[in-house]
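Step one of this worksheet: look at the structure below.
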Amino acid sequence: MSSSQTAWDPGVQERALEAGAKVRTVEEEIGRYIVGHGALVEQVLVCLLCRGHALLEGVPGLGKTFLIKTFGEVLDLTTTRIQFTPDLMPADIIGTNVLVRDEEGNQLIRFQEGPIFSQVLLADEINRATPKTQSALLEAMQEQSVTVAGSTYALAPPFIVLATQNPIEMEGTYPLPEAQLDRFFFKLKVEYPSYDDLLKIVDRTTTGALPMLERILGTEEIVEYQDLIRAVPASTAVLDYAVRLVYGTHPDRDRAIDEVKRFVRYGSSPRGAQSLILAAKVYALLDGRFTVDFADVRRAALPSLRHRLILSFQGEAEGVDPDTIVERVMETTPEASR
Amino acid sequence: MMRDRTPRLTELSHSLEMRWRFLLLADALFTALAVTLGASLGALLVRVAGDLSFSILRLLLVLNGSAMVVAILIVALRRRDQSRFFIDADRAYGFRSLLVSGYEFGRRGPDDRHDESRRPQSADRDAFERLVVERAEERSGDVNPRTVYPSRTPKSIGAVAALVVALGIFLTLQASGWFERPVPPYAEEAIMLEDAGRRLAERAESNDELRELAEEMRRLGRQVQRNELPPDEARRRIDRLNERVEEQLDDLARIPPIEHNEDAQIPPETENTIRQALRSGMSDGEVLEFFTRMRSQGNSTPDAVQALDESTSGGEPNASVEGEGERAQELMDQLESRPESAGGDDSYVRNPLEQSRQALQEMGAGRRQLSQGDTSEQGTPGESDSGGTRATGGSGDSRPQGSQSDESGEQESSGQEGGTLEVEDQMSDDFTRSRAASPVMREIEGVVTDDTIMDIIIRELPSEATSALTEQELDVVFERVVEEAVGREETPPELQQLVRNYFLRLTRANREGAADEQ
Chain F
1 MSSSQTAWDP GVQERALEAG AKVRTVEEEI GRYIVGHGAL VEQVLVCLLC RGHALLEGVP
61 GLGKTFLIKT FGEVLDLTTT RIQFTPDLMP ADIIGTNVLV RDEEGNQLIR FQEGPIFSQV
121 LLADEINRAT PKTQSALLEA MQEQSVTVAG STYALAPPFI VLATQNPIEM EGTYPLPEAQ
181 LDRFFFKLKV EYPSYDDLLK IVDRTTTGAL PMLERILGTE EIVEYQDLIR AVPASTAVLD
241 YAVRLVYGTH PDRDRAIDEV KRFVRYGSSP RGAQSLILAA KVYALLDGRF TVDFADVRRA
301 ALPSLRHRLI LSFQGEAEGV DPDTIVERVM ETTPEASR
Chain W
1 MMRDRTPRLT ELSHSLEMRW RFLLLADALF TALAVTLGAS LGALLVRVAG DLSFSILRLL
61 LVLNGSAMVV AILIVALRRR DQSRFFIDAD RAYGFRSLLV SGYEFGRRGP DDRHDESRRP
121 QSADRDAFER LVVERAEERS GDVNPRTVYP SRTPKSIGAV AALVVALGIF LTLQASGWFE
181 RPVPPYAEEA IMLEDAGRRL AERAESNDEL RELAEEMRRL GRQVQRNELP PDEARRRIDR
241 LNERVEEQLD DLARIPPIEH NEDAQIPPET ENTIRQALRS GMSDGEVLEF FTRMRSQGNS
301 TPDAVQALDE STSGGEPNAS VEGEGERAQE LMDQLESRPE SAGGDDSYVR NPLEQSRQAL
361 QEMGAGRRQL SQGDTSEQGT PGESDSGGTR ATGGSGDSRP QGSQSDESGE QESSGQEGGT
421 LEVEDQMSDD FTRSRAASPV MREIEGVVTD DTIMDIIIRE LPSEATSALT EQELDVVFER
481 VVEEAVGREE TPPELQQLVR NYFLRLTRAN REGAADEQ
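Chains as they are written, first to last, in our numbering: chain F, 1 to 338; chain W, 1 to 518.
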């Protein structure tokens, strides 16, 4: 009997379906609290299941912070919030060694954990901190650990950074460097609610107490689902499609479309392709499928690639929206390679 | 041997590929048809514009056959990854990449699965893949290749339809004579002129003046046939050529006829020379021809004997041939009995000159008529049979002026017939004269394919008493030669009938001449 045959686990189907159902329940629960951000909630959950981080961009007052706080509550995860300001220091986030006395009066140096030691970190208005402070998040986001004075401290899984930034109020801000941006799994745009949604928001928030939230998922389940997601297979054709999409954003490629050549200086990094496939796997599982489809990849393309394109001077000058370019790349990239 | 875990998917991939190739072939064949029709239309336009002659049906067959073969080869050699068929099927049935994934996972061996990342594959992943393969096998039974690749109108059908319509219009217009060029004025006479030039060139031998004149006759004849000359230049060259022909005929007329007397008798040593020529392989006709030609060029019989001696004495003498004495005597008798042989025969070069003069005068008369604005009488080739191009009508003006042919006693043209008929009469004279002078031509079939068959037939027509062929048989041979010549010469389509009529008229003239003799 081959090793593959011994690995056969007929219960995976039930676990996969259960995971999908649970995640849908989380979405519904958050939906009871947050009005009109169903897609945004789903995308944040995708980030969580992929062990990624999300950057939420939107004008003030759209409920970004509220959404993230709700998210932490429903998932039964420890949540901290850091308001980023220009005078915020890295130690304010990570923590620092402090001199303390023990019960016997001896002086000791002890590591005082910063707010980053949580499972859901809300980095509010991240672009208001200096690059030095912003980069303090780099190791935590990538390695799920922090290093202080030569000592490395692991962060408790699942660790997810949900950062917000204001796209219009740019004075006194420090745009995130490309390396920092690339570490965000998704960049999500928080849109203004529709008329009907705004009516509901106004009604719910002015008529009384908000409903109590139920905790749907715990840490163990989330980690299990994270492993299950990575086991979802993708065919070579789909992998090939994702890679071609990423290559399509590179202006130096022979087959790059005109918009890419004119407006893009650097295309997406390989993290973009990883993000596409991982997110597509989550979408497949949420739909009750056990293999990835081209449509899943396309669904993940905008949040995965938009912040990984570095526009050229011409693109910046003409105010080109990276979403437009990604959409054009999707239009011109066939599913099957020629 | 690894068991195929995806038998249904494998079968489905074959069905999908067959269907895909079928549609591809249909597209390719229609494209080939469009290309063929386009090329045919282009070729037809070129044929009309360039005055070329080729078979439309053969062109269509060759082009279409080639294009079809190329299309089939392209389709047969086209390769496509199997996964693409499943991608198409997934899309058609909304299976969300189930088939393409199942087919791939099912064909992977255990080693393949573990090799991709050099890490052991998780049990969950293996389980997922098995689930996908099972579902794909299950759903593959629902797939109909016709749904995945539905019948569609070939892309090039619009082009094919447009080209068929265009071709139909073209052929209709062509059948109705829309593209036919008007027959050049006096094409028949121009053909006659060219023919006379060709004959004259063969007979002029070392006479440079005659050869140059013959070349000008042929060139002018061709150019008038193709309507290549502006009217003024044509008129000038016709006049000049006519003058030169007249001069040549006058020169021939000034040569005094040699009377038949004892001095002009064939010398006795001629018989030995004739025997020597017969041993060297010359036919009776060639011997007679040689003497006739020498005389026509003003050489005396002794000169001819000497020339024949020189031409036949180069090699080893052959043994005597059978009946040599009788043949030599017969040839001596013929030479003695023919006053033209004894006295010199200028008809050898006179006939082409008179033929050309006839043609030139026809053209000259027509030109005058043309200059009065009467162009409506120019007919089509088919109409020329009924005299449509006889510009001079029954006018006797077009008759040869000062015809020296009277000297040889041939019958004269009536002068009451049209210009073309006069040509027939002229040709009849030629036949009649040749009949009287020529010996038996035994092997006419042996020279049928020769380019100069026309001239040989005219010159070598035998007397009735000794002919190996009946006149009807000769007509059949002649008509065949005419058909072969018309087909071989790439004559413009609109002139082919004209050329054919011209030569067939010679046959009729031959028959009429024979009847007159009787």
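Note that beta-carbon positions come from the ideal geometry of N, C-alpha and C, so glycine has one too.
Chain-ordered neighbours of residue i on chain W, where CB pairs are closer than 7 angstroms
{"i": "F/ARG340", "result": "This structure cannot speak to residue 340 of chain F, because chain F is shown only from 1 to 338."}
{"i": "F/GLN13", "result": "LEU131"}
Within-8 angstroms CB hit, residue i to chain F
{"i": "W/ILE87", "result": "yes"}
{"i": "W/ASP124", "result": "yes"}
{"i": "W/ARG84", "result": "yes"}
{"i": "W/MET1", "result": "Caution applies to W/MET1, whose pLDDT of 48 falls short of 50 and renders its modelled position unreliable; the model cannot decide the point."}
Alpha-carbon to alpha-carbon, residue j and residue i
{"i": "W/LEU98", "j": "F/THR291", "result": "7 angstroms"}
{"i": "W/VAL48", "j": "W/ASN227", "result": "15 angstroms"}
{"i": "W/ALA43", "j": "W/ILE56", "result": "9 angstroms"}
{"i": "W/ASN144", "j": "W/GLU11", "result": "12 angstroms"}
{"i": "F/LEU77", "j": "F/LEU49", "result": "14 angstroms"}
{"i": "F/ILE325", "j": "F/GLY315", "result": "10 angstroms"}
{"i": "W/ARG500", "j": "W/MET192", "result": "12 angstroms"}
{"i": "W/GLN248", "j": "W/LEU353", "result": "8 angstroms"}
{"i": "W/MET217", "j": "W/GLU289", "result": "25 angstroms"}
{"i": "W/PRO154", "j": "W/LEU37", "result": "16 angstroms"}
{"i": "F/ALA234", "j": "F/GLY208", "result": "48 angstroms"}
{"i": "W/ARG135", "j": "F/TYR174", "result": "51 angstroms"}
{"i": "W/MET427", "j": "W/GLN361", "result": "Because the pLDDT of W/MET427 is 40, which lies under 50, any placement of that residue in the model is unreliable, and the number read from its coordinates should be weighed accordingly. Approximately 16 angstroms between the Cα atoms of the pair."}
{"i": "W/GLN174", "j": "W/VAL165", "result": "14 angstroms"}
{"i": "W/TYR186", "j": "W/GLU484", "result": "24 angstroms"}
Short CB-CB distance (under 8 angstroms) between residue i and chain W
{"i": "F/THR339", "result": "Within the shown structure, residues of chain F are numbered from 1 to 338, placing residue 339 of chain F beyond reach of any answer."}
{"i": "F/GLN226", "result": "no"}
{"i": "F/PHE117", "result": "no"}
{"i": "F/GLU335", "result": "yes"}
{"i": "F/MET1", "result": "Residue placement at F/MET1 cannot be trusted, given a pLDDT of 38 that sits under 50; what the coordinates show is reported in the next sentence. No, F/MET1 does not count as interfacial toward chain W."}
{"i": "F/ALA179", "result": "no"}
Closer than 9 angstroms at the beta carbon, the chain F residues around residue i
{"i": "W/GLU129", "result": "SER4, PRO233, PHE290, THR291"}
Contact check, residue i vs residue j, beta carbons under 8 angstroms
{"i": "F/ALA273", "j": "F/VAL246", "result": "yes"}
{"i": "F/ALA54", "j": "F/ILE93", "result": "no"}
{"i": "F/PRO303", "j": "F/GLN43", "result": "yes"}
{"i": "F/VAL98", "j": "F/ARG110", "result": "yes"}
{"i": "F/THR152", "j": "F/ILE126", "result": "no"}
{"i": "F/GLN83", "j": "F/PRO158", "result": "no"}
{"i": "W/PHE85", "j": "W/LEU16", "result": "yes"}
{"i": "F/SER269", "j": "F/GLY52", "result": "no"}
{"i": "F/GLY20", "j": "F/LEU285", "result": "yes"}
{"i": "F/ILE229", "j": "F/VAL26", "result": "no"}
{"i": "F/GLU28", "j": "F/LEU213", "result": "no"}
{"i": "W/VAL160", "j": "W/LEU33", "result": "yes"}
Partners in chain F for residue i, counting only beta-carbon separations shorter than 8 angstroms
{"i": "W/GLU104", "result": "SER235, THR236, ALA237"}
{"i": "W/VAL143", "result": "Per Cβ cutoff of 8 angstroms: no residues; W/VAL143 is ~17 angstroms from chain F at best."}
Outcome for residue i when other beta-carbon atoms lying within 10 angstroms are tallied against a minimum of 16
{"i": "F/ALA300", "result": "buried"}
{"i": "W/GLU188", "result": "buried"}
{"i": "F/LYS281", "result": "buried"}
{"i": "F/ASP102", "result": "exposed"}
{"i": "F/LYS200", "result": "exposed"}
{"i": "W/ARG199", "result": "buried"}
{"i": "W/SER408", "result": "Bear in mind that a pLDDT of 37 at W/SER408, under 50, signals an unreliable position, so the model cannot answer this."}
{"i": "W/ASN351", "result": "buried"}
{"i": "F/ASP321", "result": "exposed"}
{"i": "F/GLY114", "result": "buried"}
{"i": "F/GLN112", "result": "exposed"}
{"i": "W/HIS14", "result": "exposed"}
{"i": "W/ILE87", "result": "buried"}
Cross-chain neighbours of residue i in chain W, by beta carbon under 8 angstroms
{"i": "F/ALA384", "result": "Residue numbering for chain F in the displayed model covers 1 to 338; residue 384 of chain F lies beyond these limits and cannot be assessed."}
Under 7 angstroms from the C-beta of residue i: neighbouring residues of chain F
{"i": "W/VAL100", "result": "SER235, ALA237"}
Neighbouring residues, chain W, relative to residue i (Cβ below 9 angstroms)
{"i": "F/PHE294", "result": "ILE87, ASP90, ARG91, ARG96, SER97"}
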